[in-house]
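**Q** Residue numbers (UniProt numbering), protein chains in the order written: chain E, 1 to 269; chain V, 1 to 269; chain Z, 1 to 269; chain F, 1 to 269; chain R, 1 to 269; chain W, 1 to 269.
Dropping a structure here in structure tokens format, bear with me for questions.
6 protein chains.
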Amino acid sequence: MSKYNRVLITGAAGALGRQLRVSGLKLAPQIRLTDRFPSADLAAHEEDRVAELADFGAVLDAVRGCDAIVHLGGQAIEGTWDSVLNSSIVGTYNVYEAARQCGVKRIVYASSIHAVGYYERTQTIDASAPTRPDSLYGVSKAYAENLSRYYFDKFGIETVCLRIGSCFPEPTDRRHLITWLSYRDFRHLVEVCLDAPRVGHMISFATSANSQSFWDNRLASVLGYAPQDNADTYRDAVFARTEQGDPDDPAVRFQGGSFCAAGHFEDPA
Amino acid sequence: MSKYNRVLITGAAGALGRQLRVSGLKLAPQIRLTDRFPSADLAAHEEDRVAELADFGAVLDAVRGCDAIVHLGGQAIEGTWDSVLNSSIVGTYNVYEAARQCGVKRIVYASSIHAVGYYERTQTIDASAPTRPDSLYGVSKAYAENLSRYYFDKFGIETVCLRIGSCFPEPTDRRHLITWLSYRDFRHLVEVCLDAPRVGHMISFATSANSQSFWDNRLASVLGYAPQDNADTYRDAVFARTEQGDPDDPAVRFQGGSFCAAGHFEDPA
Amino acid sequence: MSKYNRVLITGAAGALGRQLRVSGLKLAPQIRLTDRFPSADLAAHEEDRVAELADFGAVLDAVRGCDAIVHLGGQAIEGTWDSVLNSSIVGTYNVYEAARQCGVKRIVYASSIHAVGYYERTQTIDASAPTRPDSLYGVSKAYAENLSRYYFDKFGIETVCLRIGSCFPEPTDRRHLITWLSYRDFRHLVEVCLDAPRVGHMISFATSANSQSFWDNRLASVLGYAPQDNADTYRDAVFARTEQGDPDDPAVRFQGGSFCAAGHFEDPA
Amino acid sequence: MSKYNRVLITGAAGALGRQLRVSGLKLAPQIRLTDRFPSADLAAHEEDRVAELADFGAVLDAVRGCDAIVHLGGQAIEGTWDSVLNSSIVGTYNVYEAARQCGVKRIVYASSIHAVGYYERTQTIDASAPTRPDSLYGVSKAYAENLSRYYFDKFGIETVCLRIGSCFPEPTDRRHLITWLSYRDFRHLVEVCLDAPRVGHMISFATSANSQSFWDNRLASVLGYAPQDNADTYRDAVFARTEQGDPDDPAVRFQGGSFCAAGHFEDPA
Amino acid sequence: MSKYNRVLITGAAGALGRQLRVSGLKLAPQIRLTDRFPSADLAAHEEDRVAELADFGAVLDAVRGCDAIVHLGGQAIEGTWDSVLNSSIVGTYNVYEAARQCGVKRIVYASSIHAVGYYERTQTIDASAPTRPDSLYGVSKAYAENLSRYYFDKFGIETVCLRIGSCFPEPTDRRHLITWLSYRDFRHLVEVCLDAPRVGHMISFATSANSQSFWDNRLASVLGYAPQDNADTYRDAVFARTEQGDPDDPAVRFQGGSFCAAGHFEDPA
Amino acid sequence: MSKYNRVLITGAAGALGRQLRVSGLKLAPQIRLTDRFPSADLAAHEEDRVAELADFGAVLDAVRGCDAIVHLGGQAIEGTWDSVLNSSIVGTYNVYEAARQCGVKRIVYASSIHAVGYYERTQTIDASAPTRPDSLYGVSKAYAENLSRYYFDKFGIETVCLRIGSCFPEPTDRRHLITWLSYRDFRHLVEVCLDAPRVGHMISFATSANSQSFWDNRLASVLGYAPQDNADTYRDAVFARTEQGDPDDPAVRFQGGSFCAAGHFEDPA
């Protein structure tokens, strides 16, 4: 029923990548996985390509023959400049340039709310707000959003940038009550991003239907994303385990949380 | 309980007009129907006047004695210039000028999303966005929105312009999953437009509570429109019967759908 | 579980103040009440201080030893200039200046929608819209919003200004169908205002989840306020008892309702 | 030097049309004039076609062979519905449809500030503000702006809609100090509209560089319109001859001036 | 030539008040002055009334018989709460209530940029930005803006609130290069505020035509204020005498300058 | 008079870098130049460091001892990915990280309008519009704007990003009439960026005072940039030499001009 014959998932061996392989979810008749680590337990419709994103030739091999890409790979938290540079900046260029050469039509990109982490928690922003990254990691996410905009405007490759909040089994701190994205909602969101007749270049915040929110996601309302989980289910448990925190602590003041409180990654602690 | 003694329904013999006559819905103690075709099966509180909207005298006769109008009449899809001109442009002038002469207080006008059909599907607009009609039909809808604004600003006649999406028994293509308005929600919406203490001049998008949307309807939130249907109920059936489509096809790219893909109506095909 | 040791409630003997003392709601281990009238039936964790808000020394005594304040006191409807001046303008200054001297961290302030009562009912506003008070009472509310902004910007005292709609046991007129705030939702809202890790200076509209609304509250979405009541429950009863009203009556035209229709309070009627 | 071979001017015998024929202004090597009245004193590069705009065949003849059109024809002030309908609504359709059939690339259209005449004088609007016509004349101008938008979005015909203020030899009342467009600035503006490499569909307010203004014209800043006249030159003379007026008179309150104070054109005075 | 018979100037003995009495400026045939101090050298068309603004009876006497008021009186810089309360909060209420009782049509009010002093210098705001006062003085200015809005919305008294920057003979520090208002431009601005046919309720920033600015004044463009002075004339002199300052000093960071760096006025230094 | 002791200019041997060395312009008592090519004719207050921006150690040496940086270095037009990556992406990281380690307070960064090149020419944007790069070069400029925002939000290093238009001796095509920045205005703009008491993180468009414009620069109005040149001086000469162009050519349609019409840099032509 999918219009895609083969979808490539980068970062397939990571926590989010594995979620896209759960039974019942079938993004396309054929799925190709790629990661620097091999994936386990391949299903019949899955194939695996171990590759470094920084290696253009390997990326090109992985992309060739695919109609769409769910690009989850690259640095997943703050890291050294070299790591961010190679896996996220160079790696994402490699994915887009390979996609252009191979005629890929649509990419779902795992951006992050750390692209806008320096907005204050008392602000409500939508996808048109200027980016304010809170880390080199966040800078690389904003860069990829711009790169994908360029590949859409010039070459017509559609992208949905998902600014993923906190995608974990369950919320474990008070900020997660605002930013949590359940695995179930994540899978649904990737599906609707692939299914929508047209996405152009779009940025969507990606959280569950939490009562608290920093983000107004109406600019992505054409996607029809209908989250089913709400972090409030865990509210009492989280309140019991955690403190309210000092409102002037950068980790409490800004949307990016602890990323805003951290110093330069490579400085001695 | 209605504050109106007699409500006039234009286009009463059409699909939407007939929906306002279903049992259980009573907009006023007396209902007058008008259309170029006669209406069947009149109830005790209904009377019928066959009239062409382009005939001012006939329209004046139909309007006289009514407190409010639900103006559904006129060209319902793209047509020749002559048809659009006479039934929608002249016809709607006749309705408003007759309303002014007869002291009508409020009009609910069936505008259309084709008044804004040239926005891209990836845009989310609200009622303050400049009109971008996708057809002569859409131009006539934008004209009527302006005409009614004028009659409110100068003469105080209140109007709600309903930008009706796709009002059919059920959604039958993928765009309908976004634009569908169920008959039940249409009836409820007309009721709240008549019941609201004050509407001034207002534009409201008119769809059911579909998960996908192009439109942010918060500027009409005073109406209290609470749709109960969601096109997603039909999603799997629609997906099974239809293709995703080419995202660069104007029918997929723009909110107006196939109206944007069509050429000039009178050109040889 | 609260991070506050002692919360002060001003206006504690009034209708809203009493709602914050219902069983099951515990804003802090210790609650101090203050009002010009004594409160009845003190619980073990409650103490009471009778005081006039216009008396700075009395206010300072009431504030000393508290971590947070729910400031409900002062003129609750339109009154004479002297009354507004003393209880609301001077009284609120006294509360904030005492809070500064005593190191209070957060204040929940009962502002009112009469601070923006002169917007038309057909407009939808959010908390960034310029204030347009409809009464001296409303002027005093806008003043307090500015005063609290100043105390946050210069001295770091956090405030949530709740623009309370119509907080009564149930809606009794058609405007209440839009503006009603149930007691249950009021209590929940005060709780989340105290619980949120950071509120900075924030303005939140305060109504139940009514179908009709004048207000877009997304700028306060970080609070996670999840109202459970909807005035529509009372719609049929209210419609049966009331008239629709003249849309050009200031009481119907403007959001502030009858406050906009009233003349100067001290003029002979 | 012009890229156009032949430019058509409609309404050529009117006051504005004659301004485009003054010596020194040469919009194209060949100019064709059309009006219901003949033009006098044709220059060597001018030809004249007497035609009614309501006559499609005559309009088609006038348009054939032209590259661009300056469309000044049609009702120039408020008139009867029949006059507005025929000369402005039907007439402008005829011009655009003829332009489509003949491959015309660009049209400069004389819209009017009466398309937005019901904004208050104390408001500053730009070209994205919803239209609020103050007359049937103004409704026809808003209609033509929509029609031209449609012909651009579907057929690629570029248009600049000039919302002309008060284009007279000099300002004669206090409102003209705000709305005046000198003949010199009008001619320059038409030139830049024809010269600009790309205009798409654009709306530009058209006044001289008056100190007072209702309009923020920055959305048309790509045109490079650089007015040289300022109504303030006439301020003392105008003040000497006129009264300030009652600020609550609709003619003083609204941008459209006396158009807003007038009743229905066809009513007995 | 003025439409006013008698204009009242409050704060007439202060620096700004004296500027409105210079030769050549004639706001009305009769001028009444009022201040807590007497004015010297009365011209033939001037009369003087010594009065405290906090004394309603005295204010009423001063206002009676006047058509318009230029309200400059009250606390001119930060002061004690009692002083701000009496001269600015109570005093301005007295002026507006007296104006209502006496049928005054228009008031020009000397507000201050300290009503918005807590915006950062790197922000550009217009008159629709929420107020952010930087002092009790600034709170009283924001209060008066709200009070005058109320008196316009309910009673129709027009007001222009002038958010005066730094009105001195010449700029003396680097912030003045941004905020300076020359005496000449101040006088011109008061004139156009009185002359404009309609001002409704309007807020205008009041500076000279300085190259640097924090404020976008286009919402007041109907006034036709055309400043002639530019603080840049003094740039080299000011740079020679002053330091650039620490960009993180509140006096440099915020628009309100030193008002933002000061503590509570009544605290021991 | 400058508050800086030593300013570093990167890209000092390029066309723009040389403009900052003209006689009469003195940004600081000491100027250090760096480029991959040596600079000629050093003045007494100048020193030169030949360095590759991609070499962090060399950059650190160049930055050490400087108070401010004018960062002009890196790829100046579209280039291969490797060139953009090394000179602009890695190079600019090196400059900011060295600045952080060395305590530099302010950086003036030569961004480019190619960061927003895919806006249509008929749009007017300001600095808050989302970036839409038209080339890998433009992507690298948007990246640097984000990187500098991060270094300001986390480490307090101030930056003005100058989105430079077409900085050449004179305009040579019709698009330059819109985008031209004269050398004189460029020098003045760098001066005011260094002189302003506080710039925080700011984006300023950088063109001369051309009559035509795509950009509304009011968000940078605190800089006090007062351009003196206007491309219109060259209008007749440019029109004589050039064609108007096809409005649908991407080079004419988009703000980025020929960058938008070009394909992938490394593809065979």
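We treat Cβ as the ideally placed atom computed from N, Cα and C, and that holds for glycine.
Within a Cβ cutoff of 8 angstroms, which residues of the same chain sit near Y96 of chain E, ignoring the five residues on either side of it in sequence?
**A** Cβ neighbours of Y96 of chain E beyond the five flanking positions: I107, L147, S148, Y151, I157.
**Q** Please report whether the beta-carbon of V160 of chain V lies at a distance below 7 angstroms from any beta-carbon of chain Z.
**A** Answer no: the Cβ-Cβ gap between V160 of chain V and chain Z never drops below 7 angstroms.
**Q** Which residue's Cα is closest to the Cα of F214 of chain F: F:V252, F:F186, F:V199?
**A** Closest by alpha carbon: F:V252.
**Q** Hey, how far is the Cα of E243 of chain W from the Cα of A209 of chain W?
**A** Each residue's alpha carbon lies about 23 angstroms from the other.
**Q** Assess contact between the stretch 109 to 124 of chain V and the stretch 215 to 234 of chain F, defined as three or more Cβ pairs (one per stretch) separated by less than 8 angstroms. Is contact present?
**A** The stretch 109 to 124 of chain V vs the stretch 215 to 234 of chain F: no contact.
**Q** Of all Cβ atoms in chain Z, is any one closer than 7 angstroms to the Cβ of S208 of chain V?
**A** So no, S208 of chain V is outside the interface.
**Q** Examine the Cβ distances between the stretch 165 to 175 of chain R and the stretch 127 to 142 of chain Z and report whether three or more of them are shorter than 8 angstroms.
**A** Cβ pair count under 8 angstroms is below three, so no.
**Q** In whole angstroms, what separates the C-alpha of V190 of chain Z from that of S128 of chain R?
**A** Rounded to the nearest angstrom, the two C-alpha atoms are 29 angstroms apart.
**Q** Report the residue from W:H201, W:S211, W:Q212, W:P227 whose alpha carbon sits nearest the alpha carbon of Q212 of chain R.
**A** Taking only the C-alpha atoms, the option nearest Q212 of chain R is W:P227.
**Q** 7 angstroms is my cut-off, CB to CB: does K26 of chain R come that close to chain F?
**A** With 7 angstroms as the cut-off, K26 of chain R does not count as an interface residue toward chain F.
**Q** Whole alpha helix (DSSP H) runs in the stretch 107 to 149 of chain R with 4 or more residues, listed along the chain?
**A** Those alpha helix (DSSP H) runs which fall completely within the stretch 107 to 149 of chain R and span 4+ residues do not exist here.
**Q** Quick one, which residues of the stretch 107 to 121 of chain W are near chain F if we go by CB-CB under 8 angstroms, in chain order?
**A** If the cut-off is 8 angstroms between Cβ atoms, the stretch 107 to 121 of chain W has E120, R121 near chain F.
**Q** Any beta carbon from chain E within less than 7 angstroms of G103 of chain Z's own beta carbon?
**A** Not an interface residue.
**Q** Would you give the residue range spanned by the alpha helix (DSSP H) that E97 of chain Z belongs to?
**A** Segment 91 to 102, the alpha helix (DSSP H) holding E97 of chain Z.
**Q** Examine chain F for any beta-carbon lying closer than 7 angstroms to the beta-carbon of R253 of chain V, and answer yes or no.
**A** No - not a single Cβ of chain F is within 7 angstroms of the one on R253 of chain V.
**Q** Which value, in whole angstroms, describes the spacing of the CA atoms of T159 of chain Z and N5 of chain Z?
**A** Answer to the nearest angstrom: the Cα atoms are 18 angstroms apart.
**Q** What do you reckon, are the CB atoms on D82 of chain R and L219 of chain R nearer than 7 angstroms?
**A** No, the Cβ-Cβ distance between D82 of chain R and L219 of chain R is not below 7 angstroms.
**Q** Indicate whether the contact test is met: 3 or more Cβ pairs, each with one atom in the stretch 33 to 43 of chain R and one in the stretch 88 to 95 of chain R, closer than 8 angstroms.
**A** Because the criterion of three Cβ pairs below 8 angstroms is not met, the stretch 33 to 43 of chain R and the stretch 88 to 95 of chain R do not touch.
**Q** Out of W:D153, W:Q30, W:V50, state which residue places its alpha-carbon closest to the alpha-carbon of G117 of chain E.
**A** Of the candidates W:D153, W:Q30, W:V50, the one whose C-alpha sits nearest the C-alpha of G117 of chain E is W:D153.
**Q** Along the chain, where does the alpha helix (DSSP H) containing L189 of chain E start, and where does it finish?
**A** Here the alpha helix (DSSP H) through L189 of chain E covers 183 to 195.
**Q** Please check if any C-beta of chain W sits within less than 7 angstroms of the C-beta of T131 of chain R.
**A** Not one chain W Cβ lies under 7 angstroms of T131 of chain R.
**Q** In the structure shown, what three-state DSSP assignment does R19 of chain R receive?
**A** Checking the displayed sequence, the identity of residue 19 of chain R turns out to be Gln instead of Arg. It is helical.
**Q** When the cut-off is 7 angstroms and only beta carbons count, does R149 of chain V lie next to chain F?
**A** Yes - at least one Cβ of chain F is within 7 angstroms of the one on R149 of chain V.
**Q** Considering F259 of chain V, what are the terminal residues of the alpha helix (DSSP H) in which it resides?
**A** Segment 258 to 261, the alpha helix (DSSP H) holding F259 of chain V.
**Q** Starting from H45 of chain W and walking both ways along the alpha helix (DSSP H), at which residues does that stretch end?
**A** Element bounds for H45 of chain W: n/a, residue is neither H nor E.
**Q** Under three-state DSSP, which class holds L219 of chain Z?
**A** If DSSP states are grouped into helix, strand and coil, L219 of chain Z belongs with the helices.
**Q** For I31 of chain V, count neighbouring C-beta atoms within 10 Å of its own C-beta (all shown protein chains included) and say buried if the count is 16 or more, exposed if not.
**A** Classification for I31 of chain V: buried.
**Q** What did DSSP end up calling S204 of chain V once you bin it into helix, strand or coil?
**A** Strand.
**Q** Between V:D41, V:P169, V:I9, V:G65, which lies nearest to A51 of chain V when the distance is taken from Cα to Cα?
**A** When only C-alpha atoms are compared, the closest one is V:I9.
**Q** Suppose you measure from the CA of A240 of chain V to the CA of D67 of chain E; what does that come to, to the nearest Å?
**A** Those two C-alpha atoms are separated by around 20 angstroms.
**Q** Along chain V, which residues have their Cβ under 8 angstroms away from the Cβ of I157 of chain F?
**A** None at all; the shortest Cβ gap to chain V is about 12 angstroms.
**Q** Taking the alpha helix (DSSP H) that R241 of chain R falls in, what are its first and last residues?
**A** Unbroken alpha helix (DSSP H) run through R241 of chain R: 235 to 241.
**Q** Mind checking the stretch 182 to 216 of chain E against chain Z and listing, in chain order, the residues whose C-beta falls within less than 9 angstroms of any C-beta there?
**A** The residues in question are N210, S211, Q212, S213, F214, W215, D216.
**Q** Going by beta carbon distance, what residues of the same chain come within less than 8 angstroms of V7 of chain V, once the five residues before and after it are set aside?
**A** Around V7 of chain V: L27, A28, Q30, I31, R32, C66, D67, A68, I69, V70, L194.
**Q** Taking C-beta to C-beta, are T131 of chain F and G165 of chain F nearer than 7 angstroms?
**A** No. Outside cutoff.
**Q** Check the Cβ of residue 291 of chain E against every Cβ in chain Z and list those closer than 7 angstroms, keeping chain order.
**A** Chain E is shown from 1 up to 269; residue 291 of chain E falls before or after that span and cannot be answered.
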